[in-house]
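For the numbering used here, add 85 to where a residue sits in the sequence shown, where the first one is 1.
C-beta: ideal position from N, C-alpha, C; glycine also.
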Amino acid sequence: MKILPQSIEKVRKAADIVEVISEYISLKRAGKDYKALCPFHNERTPSFTVSSSEQFYYCFGCNASGNVISFVQNIENLTFVQAVEKLAQRYQIELEYEEKPPQEQKALNQEKEKILALLKYAKDFFVNNLYNTQEGNVIALSYLQERGFLPSTIEQFELGYSLESWDALLQNALRMGFDIQLLLKANLISQNEQGKLFDRFRERIMFPIHNFTGQVVAFGARTLNNNKQIAKYINSSEIVLKNEKGETEYEIYVKSKILYGLFQAKKSIKQKDKCLLVEGYADVISLHQAGLTYAVASLGTALSIEQIQLIKRLTQNVILLYDGDRAGVKAALRGLELIITQGLNLQLVILPDQEDPDSYLKKYGGIQLEAYIAQNAKDFVDFIQGLYAQTEHNDFQQYSQVIRQVAYILTLIPDEIVRQRYLQKAQLVFGQDAQALTTEYNKLLLKKQDESLKQAIKDALAIDNLYQVRSFLEQKASLLGVSAKTLFFKYKHAKLPLIAQLGLSKNLQERTRFYQTEAAKFKILGIEVTAQQIQQSLSSNTETQLDEALLAELQNIAETSETEDFQPLSPYEPVYKQEAICLKYLFQYGQQKVHPEENMLVYEYILEETSDIQFSHPIFKQIIAACRMAWAEENILTSEFFLNHPEESLQKAVRHLLLAPYSLSPRWASDFNLNPEQDNPTWVFDAVYENILRLKQFKIEQMIYEQEQLLAHALTPEEQDSLLLQIMQLQKIQQQIAHELRIVIKPKRL
Numbered sequence: 086m087k088i089l090p091q092s093i094e095k096v097r098k099a100a101d102i103v104e105v106i107s108e109y110i111s112l113k114r115a116g117k118d119y120k121a122l123c124p125f126h127n128e129r130t131p132s133f134t135v136s137s138s139e140q141f142y143y144c145f146g147c148n149a150s151g152n153v154i155s156f157v158q159n160i161e162n163l164t165f166v167q168a169v170e171k172l173a174q175r176y177q178i179e180l181e182y183e184e185k186p187p188q189e190q191k192a193l194n195q196e197k198e199k200i201l202a203l204l205k206y207a208k209d210f211f212v213n214n215l216y217n218t219q220e221g222n223v224i225a226l227s228y229l230q231e232r233g234f235l236p237s238t239i240e241q242f243e244l245g246y247s248l249e250s251w252d253a254l255l256q257n258a259l260r261m262g263f264d265i266q267l268l269l270k271a272n273l274i275s276q277n278e279q280g281k282l283f284d285r286f287r288e289r290i291m292f293p294i295h296n297f298t299g300q301v302v303a304f305g306a307r308t309l310n311n312n313k314q315i316a317k318y319i320n321s322s323e324i325v326l327k328n329e330k331g332e333t334e335y336e337i338y339v340k341s342k343i344l345y346g347l348f349q350a351k352k353s354i355k356q357k358d359k360c361l362l363v364e365g366y367a368d369v370i371s372l373h374q375a376g377l378t379y380a381v382a383s384l385g386t387a388l389s390i391e392q393i394q395l396i397k398r399l400t401q402n403v404i405l406l407y408d409g410d411r412a413g414v415k416a417a418l419r420g421l422e423l424i425i426t427q428g429l430n431l432q433l434v435i436l437p438d439q440e441d442p443d444s445y446l447k448k449y450g451g452i453q454l455e456a457y458i459a460q461n462a463k464d465f466v467d468f469i470q471g472l473y474a475q476t477e478h479n480d481f482q483q484y485s486q487v488i489r490q491v492a493y494i495l496t497l498i499p500d501e502i503v504r505q506r507y508l509q510k511a512q513l514v515f516g517q518d519a520q521a522l523t524t525e526y527n528k529l530l531l532k533k534q535d536e537s538l539k540q541a542i543k544d545a546l547a548i549d550n551l552y553q554v555r556s557f558l559e560q561k562a563s564l565l566g567v568s569a570k571t572l573f574f575k576y577k578h579a580k581l582p583l584i585a586q587l588g589l590s591k592n593l594q595e596r597t598r599f600y601q602t603e604a605a606k607f608k609i610l611g612i613e614v615t616a617q618q619i620q621q622s623l624s625s626n627t628e629t630q631l632d633e634a635l636l637a638e639l640q641n642i643a644e645t646s647e648t649e650d651f652q653p654l655s656p657y658e659p660v661y662k663q664e665a666i667c668l669k670y671l672f673q674y675g676q677q678k679v680h681p682e683e684n685m686l687v688y689e690y691i692l693e694e695t696s697d698i699q700f701s702h703p704i705f706k707q708i709i710a711a712c713r714m715a716w717a718e719e720n721i722l723t724s725e726f727f728l729n730h731p732e733e734s735l736q737k738a739v740r741h742l743l744l745a746p747y748s749l750s751p752r753w754a755s756d757f758n759l760n761p762e763q764d765n766p767t768w769v770f771d772a773v774y775e776n777i778l779r780l781k782q783f784k785i786e787q788m789i790y791e792q793e794q795l796l797a798h799a800l801t802p803e804e805q806d807s808l809l810l811q812i813m814q815l816q817k818i819q820q821q822i823a824h825e826l827r828i829v830i831k832p833k834r835l
């Protein structure tokens, strides 16, 4: 079904991009725009920019870009139509369609809305039971008051009570017009083998579970019966609506994708820039009442990546607060690996034995608990080492497991600089066993990188569009910390035998033409291959899958190819050149002031102005990251630091930069007939300013090119409209930069 363009435009104009994106991630004002850590890739420095005036977002790190509709589409993993419908519902806009929606889709939409309405009704029913029935007052409300919950807290979390009756909710819901099938799908009633229907929740405190936007999607329920045969807690089952093909259309409630209390806590998490992660419903409620309003809990299951990503939208800082028993420690160990993998800053706090957050708060209060957290929060190195300290010191088997566990977790950290810092700390903590730790870490890291390289090549081989292959391999090279050249080289030598194998089924003339066509395709990747080379790549082994021997051979060839002199490795030469010039200025003029009357150094200015740019060249990324870290510690790294660096590749890179024939723009001499060094006291600043603008200009060009490639393969009119709008927005930014540079860019006809 296609939404009319005028309806899409209504939604786009009504939905403020800053307001919508702020619901998902924490934005900070930067001049007239807003900045944040990109939600679409792991990063330490904000490169995600949102323009309020242009109603557009773009990321210099991963090149993600678009408008409010494409953001919701990508962050929620929706189709274009679903994203428009979600925003239309939020801003109460009635959509018009070119044709009526298919009957099945319309029925699913109505069913979803009915289930949500039924769940809201059930919540109101349980709340009414709590306050307005004798059973609810005597049994449930008195219990909550004994637990120390204030009326305002009970109201905030919409706590309720399910009556002892077998079918109180069932009968009331039927009178309100809800049907039995809907009640079954919403998990509010059950049916036994004899066909008898009864309420799923009876004689229990009810905890409504809200999604990110505040809709009730499920319930947790605690019994007040002391019978040990009855489960203390029961929860709603998952609610997923599927079409006739069995494909999922709507996920109303999936417990691994929701955190209890997040709807109530999200504002506080953003303001305080931290999230406190606990285990139980009551813990969350007690913590909020005590002033720790940034607390959330997983829904009685192990922490999931989806739940961590929900937190990541709001903050990079997570504190795991678990009970002091063995189960609490195990839960903390399970959670920390997932959190570390997602690139978040993690601290762990274990409460004293026999304590949980609720019991600790009753004894000492919120202020004392916050002080306890501040004093006892540990990173994973200290936490794991501390667990060993509680065991027998002559348990060498246990000690070796501790070292292996720390080494393994180190390899999970996605940011190389952060990983190195933690490695240095771990080496200090383990003292005389630091070498054993480093050896184990290096072994695991090499194994992980080797597996990642294999997977990257396999994934690339599965992509048909070579433009997408190029973009994929460049991104993977950056993430894996290897050169794009290495991955392109491996891809070629893995792809050629497969192409040759496909050609065997053709006759000689067809085969020759086929190989010539395939060789021409490689030029898209900047790889020179002849038809004869494809023919020769077919070995006696016709196995089409990559094996260990082939990958080992490719690795050896790649390592040999890297021994040549330092060369530009980026397939996109203009970006490489501007990155090189930027770093040259950093070292050559970094100690000078940007202006005779100001105290800021060129070094500081460059690092500040490029904070939202992720350099594409792997070696340049290492250099700029090291400079930024030193600057954060109020130090300045000079070229001498890198010229004496133990890594030969960094030495070569900086030597190449300092000797490279990049000079200040000749435009000043031609346009103004002046010698910059003699006639312009701010000539260094002007040169640096122009270089950074050009670097951003070429980054935008890359983004436009990639969007154009996607446009060429867009399957639906909606996708085409969205991509066209993104390209026009990028071109507008490009024109603004061009105006600053005083150059003319002719807009392309789309």
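Cβ-based burial, residue i [other Cβ within 10 Å; buried from 16]
| i | result |
| --- | --- |
| glycine 365 | buried |
| alanine 634 | Note that alanine 634 scores a pLDDT of 39, beneath 50, so its modelled location is shaky and nothing firm can be said. |
| serine 734 | exposed |
| leucine 759 | Because leucine 759 sits at a pLDDT of 37, beneath the cut-off of 50, its placement in the model cannot be relied upon, and the following sentence gives the value as read from the coordinates. Result: exposed. |
| valine 660 | buried |
| methionine 291 | buried |
| glutamate 161 | exposed |
| leucine 593 | exposed |
| leucine 421 | buried |
| alanine 754 | Annotation note: pLDDT 43 at alanine 754 (below 50); position unreliable, no value reported. |
| glutamate 440 | buried |
| threonine 298 | exposed |
| valine 223 | exposed |
| leucine 508 | buried |
| glutamate 644 | Here the model assigns glutamate 644 a pLDDT of 39, short of 50, so the residue's position is not dependable, and the following value carries that caveat. Burial call: exposed. |
| tyrosine 379 | buried |
| glutamine 177 | exposed |
| alanine 192 | exposed |
| isoleucine 452 | exposed |
Residue i, enclosing alpha helix (DSSP H) - first and last residue
| i | result |
| --- | --- |
| histidine 295 | Note, histidine 295: premise wrong, no alpha helix (DSSP H); beta strand (DSSP E) at 289-295. |
| cysteine 843 | In this structure the chain extends from 86 to 835, so residue 843 is not present and cannot be described. |
| lysine 570 | 569-588 |
| alanine 519 | 519-546 |
| leucine 326 | No alpha helix (DSSP H) contains leucine 326, which is instead part of the beta strand (DSSP E) from 324-327. |
| asparagine 277 | Element bounds for asparagine 277: n/a, residue is neither H nor E. |
| asparagine 159 | 153-160 |
| alanine 605 | 593-607 |
C-beta atoms of residue i and residue j nearer than 9 Å
| i | j | result |
| --- | --- | --- |
| valine 302 | isoleucine 319 | no |
| lysine 342 | glutamine 300 | no |
| valine 403 | leucine 344 | no |
| lysine 781 | phenylalanine 145 | yes |
| leucine 89 | valine 103 | no |
| isoleucine 106 | tyrosine 143 | no |
| leucine 610 | valine 567 | no |
| isoleucine 265 | leucine 254 | no |
| leucine 809 | leucine 826 | no |
| phenylalanine 468 | isoleucine 498 | no |
For residue i, the first and last residue of its enclosing beta strand (DSSP E)
| i | result |
| --- | --- |
| valine 301 | 301-308 |
| aspartate 284 | 282-284 |
| arginine 114 | 113-115 |
| aspartate 118 | 118-121 |
| phenylalanine 133 | 133-136 |
| phenylalanine 141 | 141-144 |
| leucine 406 | 402-407 |
C-beta neighbour in chain D for residue i, strict 9 Å
| i | result |
| --- | --- |
| lysine 577 | Here there is only one protein chain, and chain D is not present. |
Taking only runs of the beta strand (DSSP E) that begin and end inside the stretch 418-470, which ones reach a length of at least 3 residues, in chain order? 430-435
Does the stretch 406-416 come close enough to the stretch 480-493 to have 3 or more Cβ pairs within less than 8 Å? no
Just list the beta strand (DSSP E) runs in the stretch 197-252, keeping only unbroken ones of 3 residues or longer that don't cross its boundaries, in chain order. 245-247
In chain order, each beta strand (DSSP E) run of at least 3 residues that lies wholly inside the stretch 336-370: 360-363
Do three or more CB pairs link the stretch 558-571 to the stretch 696-711 at distances below 8 Å? yes
When the Cβ atoms of the stretch 529-539 are set against those of the stretch 582-598, are three or more pairs found closer than 8 Å? no
Stretch-stretch touch, CB-based, cutoff 8 Å, three pairs: the stretch 356-376 with the stretch 439-454: yes
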